[in-house]
Each structure stands twice: as C-alpha cells, then as structure tokens.
Amino acid sequence: MNQDSRISLWQVVILLCLSRMFSVMTMCMVYTSFNIQEMFYGALLAIPLAFVVFLPGGLLFQKRPRLLLDNRAKWLWMTFYLLLALGWLLMTLLHLDFFLGNAVFPQAPSIALLWPAVLAGCWCAYQGLEGLARYGSILFVFFAISVLLLICTAAPEMSATRLDPITTVDWGNIWAVAVNNLFQNPELIFLPLLAPRLAEGKLLKAGVWYCLLSGGLVALLFGLVCLTFGDFTTNIVYPVYSLSAAMQVGFLQRLDAVYMAIWVMLALFRIAILLWFAKGFLLHAAPKRSPLSL
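Here it is, written out as structure tokens:
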C-alpha cells in the first residue's frame with residue numbers, strides 16, 4: 012500500500028473488476044425476492060450510485076494518498092479495514108463453498124473444496140500486487156472471450172419480449188437491488204486505499220472506469236439471463252451458470268466446463284486480493300512499525 016513501485020490505472024481497474032465478477036457467478040435467484048428484470052434495471056442504476064459512493068473517498072485520497080498511513084490513529088483504521096477484509100473473505104469462502112457444493116461437486120465435502128482455494132489464494136497473494144496485476148491481465152482476456160462467446164451462443168435464444176418495460180416494474184425493488192449491489196461491492200471501499208500505488212491524479216479516473224466496467228459487465232450478464240430465460244429465472248439456482256450450460260454451438264460442447272474453470276479462477280482471484288489487503292492491514296495495525304509493507 013505504501014511501496015514506491017506503482018501499477019497502471021488499467022491494472023487496478025482490471026484487478027478490482029475481476030474480483031467484482033465473483034458476485035455475478037454466485038448470484039442465486041431462488042433465495043431472493045426480486046425478479047430478473049428488477050435485477051437488470053437495478054444493476055444499471057447501481058453504476059452511477061457506485062460512483063457517488065466512491066466520490067468522497069476518491070477526492071480525499073487523491074489529494075492525500077497517504078492519509079491513513081500518516082494518521083496517528085492508523086492502527087485503529089487499519090484494524091477496522093482488517094476486520095472488513097476478513098469478513099468479506101469469510102463471506103467469499105461461504106459463497107464459493109455453496110456454489111461448488113450445489114452446482115459442481117454436490118457429493119464432495121466442503122473441506123476438500125475450500126482448502127485448495129485458500130492455499131492457491133495465499134500463493135497468489137504472496138506474489139504481491141504486481142504479480143496479481145500480471146495474472147489479472149491474462150485472466151481478464153479469457154474472461155472477456157468467455158463473455159463474448161456466451162453472447163454469441165445465447166443470441167439466437169434471446170427475445171426482447173422477456174424484458175418488462177421500465178414503466179411497469181417496481182421502482183422500490185429496483186432501488187433495493189441497486190443498494191444490494193453496492194453491499195456486494197467491497198472493491199469500492201478498497202480502491203481509494205490503492206492511491207499510493209497509482210500515478211498522481213489517477214485515482215478518480217480509476218474509480219470512473221471501475222464503476223463503468225464492472226457495473227456494465229454485471230448489467231450485461233443480468234441482461235443476457237433476462238433476455239434468454241425471462242421469468243423462468245426465478246426457478247434457477249445459478250442462472251448465469253445455467254445459461255452457460257444450456258448454450259452450445261457447433262463443435263463447442265460443454266461450454267459450462269470452460270466457464271466453470273474461469274469462474275473458479277475469479278473466486279481465487281478475489282480470495283488472493285482480500286488476503287493481500289488483509290496482510291497489509293495487519294502489518295500496519297501492529298503496535299510496532301514493521302519493515303514489511305503491502
């Protein structure tokens with residue numbers, strides 16, 4: 012967090028965007044009171060709301076990138092962020108366990124699924140932010156290709172009639188979905204803390220592009236599900252995974268296995284990022300100054 016080495020704006024955006032995509036992978040419709048149309052419109056509304064939430068911290072940390080590092084109450088702030096990172100890490104592991112146990116390996120014990128993920132995440136976090144950035148750039152290419160392939164294979168099955176007009180949906184539910192999207196977006200909170208690693212004056216640009224790219228991808232995937240499955244989505248546990256399993260083209264069969272591999276890597280990526288942040292928060296929260304840093 013306070014090293015001299017920097018990473019580019021786009022590396023930061025891609026890092027956090029990939030981490031955000033984990034929430035889409037684990038979107039479970041049968042346990043929500045919202046329909047897919049409300050999820051889609053709520054995802055669109057969440058894009059400007061995310062930037063509004065980010066803006067105060069973005070302005071503050073762009074002006075003073077080392078605000079928390081040079082603060083007398085640094086240990087208190089770092090302890091708070093450490094608990095936040097550990098809480099999100101636990102939630103990520105629970106969601107991953109539920110997803111793998113229900114969609115991929117129903118008979119496998121939880122411990123057999125989670126320990127490899129945690130160990131792989133620890134190894135990735137050990138590589139540091141620069142290593143994560145390089146890994147993220149490669150993973151983002153595969154993720155983008157998988158999304159384009161999903162669009163191409165789902166296009167023949169799409170119908171605009173499955174999307175209710177915006178004038179007929181419940182706006183109360185849309186606002187609730189948008190707020191829920193913000194709660195599933197811890198990257199918004201951690202992004203300002205990367206200000207020391209960005210070139211001067213780049214934090215706000217990173218925030219804008221992160222909100223647009225991550226929010227746009229979430230809305231795109233929800234839109235694909237909505238136009239393909241419509242109201243039937245409420246009966247599907249994991250609609251995005253089910254969409255990939257249902258879509259096949261020509262010689263490309265069992266595309267869900269390809270998407271599954273990419274999405275599990277996204278989960279490992281979020282685990283690694285949260286572990287990297289947690290390590291740094293722990294070191295800075297220690298009573299004695301440590302020579303180590305994020």
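Just so we're on the same page, this note's numbering is the position in the sequence shown counted from 1, plus 11.
For each residue, glycine too, the CB sits at the ideal point set by N, CA and C.
Small disclaimer: the values here were computed from a predicted structure and weren't measured.
- Closest option to residue 182, judged by alpha-carbon separation, among 54, 138, 20 and 66: 54.
- Shown here for residue 78: same chain residues with a beta carbon closer than 7 Å to its own, the five before and five after excluded, namely 71 and 72 in chain order.
- Between the C-alpha atoms of residue 42 and residue 281 there is a straight-line separation of about 23 Å.
- Taken through DSSP and simplified to helix, strand or coil, residue 108 comes out as helix.
- Taken through DSSP and simplified to helix, strand or coil, residue 39 comes out as coil.
- Using a Cβ distance threshold of 9 Å, residue 142 and residue 135 count as a contacting pair.
- Ranked by how close their Cα comes to the Cα of residue 288, the residues 177, 99 and 180 have 99 in first place.
- Boundaries of the alpha helix (DSSP H) around residue 238: 214-240.
- The three-state secondary structure of residue 34, taken from DSSP, is helix.
- Annotated as distal: residue 241 and residue 161, with beta-carbon spacing of 9 Å or more.
- Apart from sequence neighbours up to five positions away, the residues of its chain that approach residue 20 with a beta-carbon distance below 8 Å are 209, 210, 213, 216, 217 and 220, ordered along the chain.
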